[in-house]
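In the UniProt record's numbering, the protein residues as written are 1 to 743.
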C-alpha cells in the first residue's frame, strides 16, 4: 500500500493517536462514522496539539490507505486507520497547506481536505436572508462556485433549521451520507466547501430530521437539475454566459409604457416536436420559434413554466426547482442562448412563474427538514384543495426570500423581460377553494391573506426598483381592487392583470349560434364598464383550449366557413379592443382540437388555405397594432376609447373608436357577428374627411368573400352616436373591419 501512497523512501516517523481513555471523543467519532448528528468540524480536519503539531482526522469509509502530501505531492505523513471504520488519523509536524492522498480500491485520489477550510458564508448575509432578503439568498445558497484559500471548488449551502444533521451527497462521494456532513450556522443554515467539484456533478442533501429520519432532498436553490424522472440537483457551470443583448436591456430599462404589447403564449415541449416526437431543445427552439414569432409580429413570447418540475402533465405549474430551467430542453446556458437570440430578434421573453403552491414530491420542499418549513403545518392553511398541492408560508421571511430570490434570478441571470405570476387569486384569499370551517381567518378575522399581499407588494416593488422595464403580470380572476395600482396607493403594484372577465364573456358569446347572440349582446359590451380599472391583458390562453373544449376554431359555431369567419372576426375584435393581447399557440392558425402537452401542434393544417388565412390575419393584426398608435397608446386610458354602436343587439353589430391621446389618427372598429350582411349601415365618427379601410377579415387574403368598402369612404356632416360625422358602411357577414381617418 505504501507504493500506492507514493512512498519510495523511509517514511517519516508517525505516532499513532491513542483513543483509550477518551470515551466521549470515541463516541463522537463513532457517531460521525455512523452518519449520526454531531459536530464534524470539532474533530475532522486539522487540530492544533500542545506540541505545536497538527492532528488531522479524515472520515473516508471504503478507503484502503491515506497519506498527507504537500501541494507538490510530497508525502508529509502516512495516516493510520483508527479503531473506527473509515476513520484515519495522522500528525503534521510542518506548517502550511496539505492535501489528502486517498487510496481507493480502484483509484488514488489527491484532494484538499474539506474540513481544513473555514466557514465561507458571512453571518451578516445569513441574517439578511432571515430578514427576507431574496438577493442575499440567491448570492449565498445552492451550489456556488468559488475559490477558498486559492483552491477552486463548490460551496453547498442550504436552509434546514429543524434538522439535526445535514450532509451533502453526490457523485463525488458515492452518495455516502457519512462522508461530508455540513457545518451548522446561525438561523438553521448549513454550509460546506468541497474542493474541486466540477460542473455537471449530481448531488442532494441528506437531512436528518428531529425524529431521526434521513430525507434525501434536492437543492431548493439548485441552478440545474437532472432530467426528470431523475431528481438529483446538478452543479451548474462555473463561467458566466456571454450575453450580447446589452442594447436591448438598456432600452428596456429606460422605456416608458405604452408600447405595443402582443404576447405569443408557448408551451415549449409541445409547440413543435423533433423527428423522434421529443421536445425541441433550446437551440432548435431558437432556430424555429424565433423566426416564426418574428414573422407573425408578436412583441413577446410567454413561456409556460420552464422552472424544473417533476410531472410533465402539470404543464410546469407544479414546480420544485424555482431556480433551474427544466432539463427537458437542455442546459441552463442553452436557455440563456435562447433568450439572447430572442433579444437579438427584437422579441421579449416572459416566464410563467408559480409562487402560489408546490407539489409534495418526496425529494422536494414538502417537510423539507422533517417538519413543515416552506408550507404551513395546519392543512387548513398549507394544503391547496383544488390542486392537492402545498401553499407557501408567506409570513416566514426565509420563504419569501426564497421566492423573491427566484424572481430576481430569472430576471437578472436570464435577462427575462417579465414574469406572469400564476394563480394570484389563490394567494390573496385564505378561503380560496375552501368551504366554511376549512380555512383560518387572518389576524383581523378576515379572509384576505395579508402575508401574501405583503409578499406580492414586495415582489413588485423590488422588481420595479431593480429592473424598471420588466413586466409583472397577474393572473388574478377575482375583483380584488388595485392589482395594477401603485403600492403607494394601496395597490399590489403589478404592471398588468389578465382580464379573465372579458375572456369568459366574449368567448361565451362567440360560442353561441349567431341566431342566439342578440339575447347575450351585453357579453360584448360589459367589459368596457371596467376596462380601464386595471392595466389589462386580454388572454386567450392555454386554459381555453383544454379539457375537451377543442381549439379556438373548434369552439366556433356553424359549418367550416362560418367557423373560420367567426374566428377571424373575433381575433380582429380582440386586437381592436382596449387591453394588451395574449394568444396561445395554435390559435394563430386555427387548431381544431384540444391542446395536448405531449403532442406537437397540428402544423399540417397550414396545408389548407383557410388555416393559412387565419395565420396571415394574425400577422396583419400585429402589424396594424405596431403601425397604428391609436391601438396602443390609449389602450389603458378611458380617453383612448369611445363607443359608436353599443346598442344594436338585434343585428349583433358593435362599433367603437380608438383614439390616440397624442393626437394621431383615430381608428374605427366595426364587428358584424351574424351571417347577415348590412349595406348602408351608418356609424358615427369623430373626424370629418376620408376614412380608409385598413383591415377586413372578410378579405380573400384571409379566406373571406372579398367584399368590403372599396378602400376609402368620405364622411357625411351629420351627427350620430355622439359624434359630429358619420360613415355609410357595408358590413360583411361574420366580419370585423378597421377604418382609419386620413390626414
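C-beta atoms are modelled at their ideal positions from N, C-alpha and C, and glycine is treated no differently.
Note that the structure is predicted; figures quoted are calculated from it, not measured.
Point to revise | 8 Å Cβ shell around residue 606 - same chain, five flanking residues per side excluded | key: Within the chain shown, the letter at position 606 stands for residue 606. If we look at residue 606 and ignore the five residues flanking it on each side, its Cβ neighbours are 589, 612, 615.
Review point. What is the DSSP secondary structure of residue 630, reduced to helix, strand or coil?
Key: To locate residue 630, count along the chain shown from 1; it is residue 630. Here residue 630 sits in helix by DSSP.
Check your understanding: Less than 7 Å separating the beta-carbons of residue 46 and residue 56?
Key -> The residue you call residue 46 lines up with position 46 of the chain shown. The residue you call residue 56 lines up with position 56 of the chain shown. Cβ distance < 7 Å, so residue 46 and residue 56 count as in contact.
Check your understanding: Can you name, in chain order, every residue of its own chain whose Cβ lies under 6 Å from the Cβ of residue 355, other than the five neighbours on each side?
Key -> Here residue 355 corresponds to residue number 355 of the chain shown, with the count starting at 1. Counting only Cβ-Cβ distances below 6 Å, and skipping sequence neighbours, we find 403.
Review point. Using the C-alpha atoms, what's the distance from residue 315 back to residue 304?
Key: As a first step, residue 304 is located in the chain shown; it is residue number 304 there, counting from the start. As a first step, residue 315 is located in the chain shown; it is residue number 315 there, counting from the start. Roughly 7 Å between the two C-alpha positions.
Point to revise | residue 502 in three-state terms, based on DSSP | key: Looking up residue 502 in the chain shown gives position 502. Residue 502: helix per DSSP, three-state reduction.
Review point. Would you report the Cα separation of residue 408 and residue 135, rounded to the nearest angstrom?
Key: As a first step, residue 408 must be located in the chain shown, where it is residue number 408. As a first step, residue 135 must be located in the chain shown, where it is residue number 135. Looking at the two C-alpha atoms, the distance is approximately 7 Å.
Exercise for review: Report the three-state DSSP secondary structure of residue 575 (helix, strand or coil).
Suggested key: Taking the first residue of the chain shown as 1, we reach residue 575 at position 575. It is helical.
Check your understanding: What are the start and end residues of each continuous alpha helix (DSSP H) run of 4 or more residues lying completely inside the stretch 528-590, in chain order?
Key -> 560-576
Practice item. Note down the Cα distance separating residue 21 from residue 410, rounded to an integer number of angstroms. Key: What you label residue 21 is simply residue 21 of the chain shown in a count that begins at 1. What you label residue 410 is simply residue 410 of the chain shown in a count that begins at 1. Model confidence at residue 21 stands at a pLDDT of 43, short of 50, so the residue's coordinates are unreliable; what they give is reported in the following sentence. For residue 21 and residue 410, the distance between alpha carbons rounds to 56 Å.
Check your understanding: Counting pairs of beta carbons, one from the stretch 274-289 and one from the stretch 329-340, are three or more of them closer than 8 Å?
Key -> yes
Exercise for review: Only counting runs of 4 or more residues, tell me where the alpha helix (DSSP H) segments fall wholly within the stretch 647-683, in order along the chain.
Suggested key: none
Check your understanding: Is residue 404 helix, strand or coil by DSSP?
Key -> Indexing the chain shown from 1 puts residue 404 at position 404. Helix at residue 404.
Practice item. Tell whether a beta-carbon distance below 7 Å holds between residue 77 and residue 100. Key: Within the chain shown, residue 77 is the residue found at index 77, counting from 1. Within the chain shown, residue 100 is the residue found at index 100, counting from 1. No, they are not a contact pair.
Exercise for review: Assign residue 94 to one of three DSSP states: helix, strand, or coil.
Suggested key: As a working mapping, residue 94 is identified with position 94 in the chain shown. The answer is coil: DSSP assigns residue 94 none of H, G, I, E or B.
Check your understanding: In chain order, what residues of the same chain have a beta carbon less than 6 Å from the beta carbon of residue 430, not counting five sequence neighbours either side?
Key -> Within the chain shown, the letter at position 430 stands for residue 430. Here the set comprises 439, 447, 449.
Point to revise | Residues near residue 211 in its chain [Cβ-Cβ closer than 7 Å; skip 5 each side] | key: Residue 211 sits at position 211 when you count from the first residue of the chain shown. Closer than 7 Å at the Cβ level, and outside the excluded window around residue 211, lie 370.
Check your understanding: Shortest alpha-carbon distance to residue 727 belongs to which of 579, 507, 669, 239?
Key -> For the purposes of this step, residue 727 is taken as residue 727 along the chain shown, with counting starting at 1. The shortest C-alpha separation from residue 727 is found at 669.
Review point. Skipping 5 residues on each side, what residues in its chain have a beta carbon closer than 6 Å to that of residue 480?
Key: Counting from one through the chain shown, the residue named residue 480 turns up at place 480. The answer, listed in chain order, is 428.
**Study point:** Continuous beta strand (DSSP E) stretch holding residue 55: start and end
**Key:** Taking the chain shown and counting its residues from 1, the one referred to as residue 55 is at position 55. 54-59 is the span of the beta strand (DSSP E), which, as asked, contains residue 55.
Review point. Taking just the CA atoms, how far does residue 550 sit from residue 424?
Key: Looking up residue 424 in the chain shown gives position 424. Looking up residue 550 in the chain shown gives position 550. Their backbone Cα atoms lie some 26 Å apart in a straight line.
Review point. Are the CB atoms of residue 685 and residue 672 nearer to each other than 7 Å?
Key: To locate residue 685, count along the chain shown from 1; it is residue 685. To locate residue 672, count along the chain shown from 1; it is residue 672. Not closer than 7 Å, so no.
Exercise for review: Tell me whether residue 309 sits in a helix, a strand or coil according to DSSP, three-state version.
Suggested key: The sequence position of residue 309 within the chain shown is 309, counting from 1. Residue state, collapsed to three classes: coil.
Point to revise | Alpha-carbon to alpha-carbon, residue 572 and residue 566 | key: On the chain shown, residue 566 is found 566 positions in, with the first residue counted as 1. On the chain shown, residue 572 is found 572 positions in, with the first residue counted as 1. If I take the Cα positions, the gap works out to 10 Å.
Check your understanding: In this structure, does DSSP put residue 102 in helix, strand or coil?
Key -> By one-based count along the chain shown, residue 102 stands at place 102. It is a strand residue.
Check your understanding: When the distance is taken between beta carbons, is residue 297 closer than 7 Å to residue 623?
Key -> Walking along the chain shown from the start, residue 623 turns up at place 623. Walking along the chain shown from the start, residue 297 turns up at place 297. Closer than 7 Å, so yes.
Practice item. Note the first and the last residue of the continuous beta strand (DSSP E) segment covering residue 208. Key: What you label residue 208 is simply residue 208 of the chain shown in a count that begins at 1. Counting along the chain, the beta strand (DSSP E) containing residue 208 begins and ends at 202-208.
Review point. What residue range is occupied by the uninterrupted beta strand (DSSP E) comprising residue 166?
Key: Counting from 1 along the chain shown, the entry for residue 166 is found at position 166. Start and end: 165-170.
Practice item. Can you give me the start and stop residues for the beta strand (DSSP E) that residue 472 sits inside? Key: Within the chain shown, numbered from 1, the residue matching residue 472 stands at position 472. Per DSSP, residue 472 belongs to the beta strand (DSSP E) from 471-474.
**Study point:** Cutoff 7 Å; reference residue 199; Cβ partners in own chain excluding five residues on either side
**Key:** Residue 199 sits at position 199 when you count from the first residue of the chain shown. Cβ within range, chain order: 235, 236, 237, 238.
Review point. Thinking C-beta only, is residue 437 closer than 7 Å to residue 252?
Key: For the purposes of this step, residue 252 is identified with residue 252 of the chain shown, where counting begins at 1. For the purposes of this step, residue 437 is identified with residue 437 of the chain shown, where counting begins at 1. Cβ distance not < 7 Å, so residue 252 and residue 437 don't count as in contact.
Check your understanding: Using a Cβ-Cβ cut-off of 6 Å (strictly less than) and excluding sequence neighbours within five positions of residue 308, which residues of its own chain qualify?
Key -> Position 308 of the chain shown, counting from 1, holds the residue named residue 308. If we look at residue 308 and ignore the five residues flanking it on each side, its Cβ neighbours are 225, 321, 324, 326.
Check your understanding: Who pairs with residue 643 in a beta bridge, going by DSSP?
Key -> Position 643 of the chain shown holds residue 643. For residue 643, which the question treats as bridged, DSSP gives the partners 656.
Exercise for review: Could you round the C-beta distance between residue 569 and residue 731 to whole angstroms and report it? I think they count as a contact, below 8 Å.
Suggested key: Residue mapping note: residue 569 aligns to position 569 of the chain shown, counting from 1. Residue mapping note: residue 731 aligns to position 731 of the chain shown, counting from 1. That belief does not hold up - the Cβ atoms of residue 569 and residue 731 are roughly 11 Å apart, past 8 Å.
Check your understanding: Does the count of Cβ pairs from the stretch 573-580 and the stretch 629-639 closer than 8 Å reach three?
Key -> yes
Point to revise | Same chain, Cβ closer than 8 Å to residue 31, neighbours up to 5 away in sequence not counted | key: Within the chain shown, numbered from 1, the residue matching residue 31 stands at position 31. The answer, listed in chain order, is 37, 38.
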